[in-house]
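S.K.: Please find one structure pasted underneath; my questions will follow.
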Ligand SMILES: Cc1ncc(COP(=O)(O)O)c(C=O)c1O
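In our numbering, the protein residues as written are -7 to 457.
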């Protein structure tokens, strides 16, 4: 046996590395509360410790793990402390994390039933549960991907397949070159990942018909052009800044009558369909053809867990299907028919664990909590002297101060505080501070601590100006 194999067998037999990683991970989690939420400039400079040449010789596994554990303490962003409001980043539910650890040890290839029966089974259960949770058509199929960017790409690929077939063009046989023109209907507030997905699929600016949006970021219904069977309409459940939802009830039924395909980018907002509190926002959302959503956002599974849901199984599987003489199709679910990739990790394991743990009522409670905390944040921010620009319909809050300059400087000092963190954006021509309440760990008392910092930073920057 070679020295390499001997070492590997020894590492596998003793589990020393796994036990050490487990200890380091628990220390990390227990310390997280007192540590800075974002790495300091000094810590970021220490990342240069990784700047080495590819080693010529085998390294020492304990030293490698210990370097990772040290740098993880210094240079990770700590989402799970209730005071992180950046982007739309969730934090992992403990059961999701634990399930993912097990899944990592199992190291399953989720492509086929033949490569992993448990991964195939759990993804089919997740499909059934998500369809029930969101009250989608009973033949809705799901694919698990890295995130909503890829999920939207899959939904749009299915849309391209179906709309071209309505125009008597089989893209699988005839390709895209020379195909009949499709019309893409997007709101001006469409997330950039949708445009990226369209570009990958061969659509450019010339095929896009942009629809004006209102001050909350919703498509203005009367500005939507007449639709027909050459159209793909992309709507939003949750604008990335304001959290606004498009008016599904006014748009989707009409689009369906016209035989247009409707895709909903519900990266974080589709979860609203799990609670009756948001029934008005999500009315008729189930009538769309495809939906993309992240479990790693509102549901708080660990990263990376995006889902494409599609009510037209033929369109999705024809858009993504491939064959090979060595591939053993089964009578059970073969996950790879619903995603662009073949080999991939079994993210359905932690998704199943989170859904099984929370159940219908726990998911609704989590979504409602995020919303209530967003409202509380907005109220407290107003009292602290910020302007709130959006209607807080879900979990997003947009703040400004009285000038762009003060907003930008205040945001910088909030980010430098190490206590709380949020990001910035340009919203309707103004510099803003974006708050996304997306973690199960956010409580009123963590918001109070954060608001104290926000208030302090605003006062300092206002005085300095
Ligand atoms: C509305 C919307 N769409 C798409 C995305 C992209 O999702 P992901 O980063 O999981 O690919 C986001 C990310 O925040 C989003 O808010």
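Beta carbons are placed, not taken as given, at the ideal position from N, Cα and C, and that holds for glycine. Source: prediction; values computed, not measured.
Could you tell me which of 340, 272, 212 and 427 sits nearest to residue 77, measuring between CA atoms?
M.R.: The residue given as residue 77 occupies position 85 in the chain shown. The shortest Cα separation from residue 77 among 340, 272, 212 and 427 belongs to 427.
S.K.: Measuring straight from C-alpha to C-alpha, what distance separates residue 242 and residue 223?
M.R.: Translated into positions along the chain shown, residue 242 becomes position 250. Translated into positions along the chain shown, residue 223 becomes position 231. Each residue's Cα considered, the two are about 17 Å apart.
S.K.: Could you check if residue 346 is buried or exposed, using at least 16 other CB atoms within 10 Å of its CB as the buried criterion?
M.R.: Numbered from 1 along the chain shown, position 354 holds the residue referred to as residue 346. Residue 346 should be labelled buried.
S.K.: From which residue to which residue does the beta strand (DSSP E) around residue 163 run?
M.R.: Position 171 of the chain shown, counting from 1, holds the residue named residue 163. No beta strand (DSSP E) holds residue 163; the alpha helix (DSSP H) holding it covers 163 to 166.
S.K.: Are the segment 337 to 354 and the segment 280 to 299 in contact at 8 Å, needing three or more beta carbon pairs?
M.R.: yes
S.K.: Are the segment 120 to 138 and the segment 343 to 363 touching by the rule of at least three beta carbon pairs closer than 8 Å?
M.R.: The count of Cβ pairs closer than 8 Å, one atom from the segment 120 to 138 and one from the segment 343 to 363, reaches three, so the stretches are in contact.
S.K.: Identify every run of the alpha helix (DSSP H) within the segment 131 to 174, keeping only runs that are complete inside it and at least 4 residues long; order them along the chain.
M.R.: 140 to 158 and 163 to 166
S.K.: Pull up the distance between the alpha-carbon of residue 261 and that of residue 81, whole angstroms please.
M.R.: Residue mapping note: residue 261 aligns to position 269 of the chain shown, counting from 1. Residue mapping note: residue 81 aligns to position 89 of the chain shown, counting from 1. The alpha-carbon atoms of residue 261 and residue 81 are separated by roughly 13 Å.
S.K.: Between which two residues does the alpha helix (DSSP H) harbouring residue 353 extend?
M.R.: Reading the chain shown from its first residue, position 361 is the one you call residue 353. Note, residue 353: alpha helix (DSSP H), 340 to 375.
S.K.: Would you kindly report the start and end of the unbroken beta strand (DSSP E) that includes residue 423?
M.R.: Here residue 423 is taken as the residue at index 431 of the chain shown, counted from 1. Taken as a continuous stretch (DSSP letters only), the beta strand (DSSP E) holding residue 423 covers 422 to 428.
S.K.: What span of residues does the beta strand (DSSP E) with residue 394 cover, start to end?
M.R.: Locating residue 394 in the chain shown gives position 402, where the first residue counts as 1. Note, residue 394: premise wrong, no beta strand (DSSP E); not H, not E.
S.K.: Counting C-beta neighbours from all protein chains within 10 Å, is the total for residue 212 16 or more, i.e. buried, or is it exposed?
M.R.: Along the chain shown, read from residue 1 onward, the residue named residue 212 stands at position 220. Around the beta carbon of residue 212, fewer than 16 other beta carbons lie within 10 angstroms, which makes this residue exposed.
S.K.: With respect to the beta strand (DSSP E) encompassing residue 224, which residues constitute its N-terminal and C-terminal limits?
M.R.: The count along the chain shown starts at 1 and reaches residue 224 at position 232. In the DSSP annotation of this structure, the continuous segment of the beta strand (DSSP E) that includes residue 224 starts and ends at 223 to 228.
S.K.: Taking one C-beta from the segment 99 to 117 and one from the segment 266 to 276 each time, how about it: are there three or more such pairs within less than 8 Å?
M.R.: Contact fails: fewer than three Cβ-Cβ distances are below 8 Å.
S.K.: Can you pull every residue whose C-beta falls closer than 5 Å to some heavy atom of ligand 1, listed in chain order?
M.R.: 80, 139, 140, 141, 183, 185, 232, 257, 259 and 286
S.K.: Residue 201 and residue 218 - do their beta-carbons sit closer together than 7 Å?
M.R.: Within the chain shown, numbered from 1, the residue matching residue 218 stands at position 226. Within the chain shown, numbered from 1, the residue matching residue 201 stands at position 209. Contact flag unset, no.
S.K.: Take residue 452 as the anchor and find which of 415, 405 and 437 has the nearest alpha-carbon.
M.R.: For the purposes of this step, residue 452 is taken as residue 460 along the chain shown, with counting starting at 1. The option with the nearest alpha carbon to residue 452 is 405.
S.K.: Restricting to Cα atoms, I'd like to know which of 354, 414 and 435 is closest to residue 364.
M.R.: By one-based count along the chain shown, residue 364 stands at place 372. Nearest C-alpha to residue 364: 435.
S.K.: Please list the terminal residues of the continuous alpha helix (DSSP H) segment that includes residue 286.
M.R.: For the purposes of this step, residue 286 is identified with residue 294 of the chain shown, where counting begins at 1. Residue 286 -> not in any alpha helix (DSSP H); beta strand (DSSP E) instead, spanning 282 to 286.
S.K.: May I ask you to report which of helix, strand or coil DSSP gives residue 255?
M.R.: Within the chain shown, numbered from 1, the residue matching residue 255 stands at position 263. Note: residue 255 maps to strand in three-state DSSP.
S.K.: Compare the C-alpha of residue 430 against each of 305, 411, 32 and 235 and name the closest.
M.R.: Numbered from 1 along the chain shown, position 438 holds the residue referred to as residue 430. Ranking 305, 411, 32 and 235 by Cα distance to residue 430 puts 235 first.
S.K.: Going by Cα to Cα distance, which pick from 385, 237, 57 and 286 is closest to residue 179?
M.R.: Locating residue 179 in the chain shown gives position 187, counting from the first residue. Checked all of 385, 237, 57 and 286; the closest Cα to residue 179 is 237.
S.K.: Which one or two residues does DSSP pair with residue 379 in a beta bridge?
M.R.: Locating residue 379 in the chain shown gives position 387, where the first residue counts as 1. Residue 379 pairs with 392.
S.K.: Using only CA atoms, which one of 423, 447 and 316 lies nearest to residue 378?
M.R.: Start at 1 with the first residue of the chain shown, and residue 378 comes out as number 386. For residue 378, the nearest C-alpha among the options comes from 447.
S.K.: Going by the CB atoms, is the gap between residue 433 and residue 74 shorter than 7 Å?
M.R.: For the purposes of this step, residue 74 is taken as the residue at position 82 of the chain shown. For the purposes of this step, residue 433 is taken as the residue at position 441 of the chain shown. The answer is yes: Cβ separation under 7 Å.
S.K.: Answer yes or no: do residue 256 and residue 227 have a C-beta to C-beta separation smaller than 7 Å?
M.R.: Within the chain shown, numbered from 1, the residue matching residue 256 stands at position 264. Within the chain shown, numbered from 1, the residue matching residue 227 stands at position 235. One thing to note: residue 256 has its Cβ within 7 Å of the Cβ of residue 227.
S.K.: By how many angstroms is the C-alpha of residue 381 removed from the C-alpha of residue 421?
M.R.: For the purposes of this step, residue 421 is taken as the residue at position 429 of the chain shown. For the purposes of this step, residue 381 is taken as the residue at position 389 of the chain shown. For residue 421 and residue 381, the distance between alpha carbons rounds to 12 Å.
S.K.: For the structure I just gave you, are there three or more beta carbon pairs, one from the segment 24 to 35 and one from the segment 58 to 70, closer than 8 Å?
M.R.: yes
S.K.: Where do the N-terminal and C-terminal ends of the beta strand (DSSP E) with residue 98 fall, by residue?
M.R.: The residue you call residue 98 lines up with position 106 of the chain shown. Residue 98 -> not in any beta strand (DSSP E); alpha helix (DSSP H) instead, spanning 86 to 98.
S.K.: Since residue 443 is in the alpha helix (DSSP H), which residue starts that stretch and which ends it?
M.R.: Your numbering for residue 443 matches position 451 in the chain shown. Here the alpha helix (DSSP H) through residue 443 covers 436 to 456.
S.K.: Are three or more beta carbon pairs between the segment 157 to 165 and the segment 189 to 206 nearer than 8 Å?
M.R.: No, the segment 157 to 165 does not touch the segment 189 to 206.
S.K.: Just mark residue 325 as buried or exposed, buried being the case when its beta carbon has 16 or more other beta carbons within 10 Å.
M.R.: In the chain shown, the residue the question calls residue 325 occupies position 333. Residue 325 is buried by the Cβ-count criterion.
S.K.: Determine the direct distance from the alpha carbon of residue 182 to that of residue 394, and round the result to whole angstroms.
M.R.: As a working mapping, residue 394 is identified with position 402 in the chain shown. As a working mapping, residue 182 is identified with position 190 in the chain shown. If you take the alpha carbons of residue 394 and residue 182, they lie about 27 Å apart.
S.K.: Can you have a look at residue 328 and say buried or exposed, based on whether 16 or more other CB atoms are within 10 angstroms of its CB?
M.R.: Looking up residue 328 in the chain shown gives position 336. Buried.
S.K.: Could you pull the start and end residues of the alpha helix (DSSP H) that residue 212 belongs to?
M.R.: Taking the chain shown and counting its residues from 1, one reaches residue 212 at position 220. In the DSSP annotation of this structure, residue 212 is not part of any alpha helix (DSSP H), being labelled neither H nor E.
S.K.: Kindly indicate which residue of 12, 266 and 305 has the alpha-carbon position closest to the one of residue 351.
M.R.: Position 359 of the chain shown, counted from the first residue, corresponds to residue 351. Minimum Cα distance to residue 351 is reached at 266.
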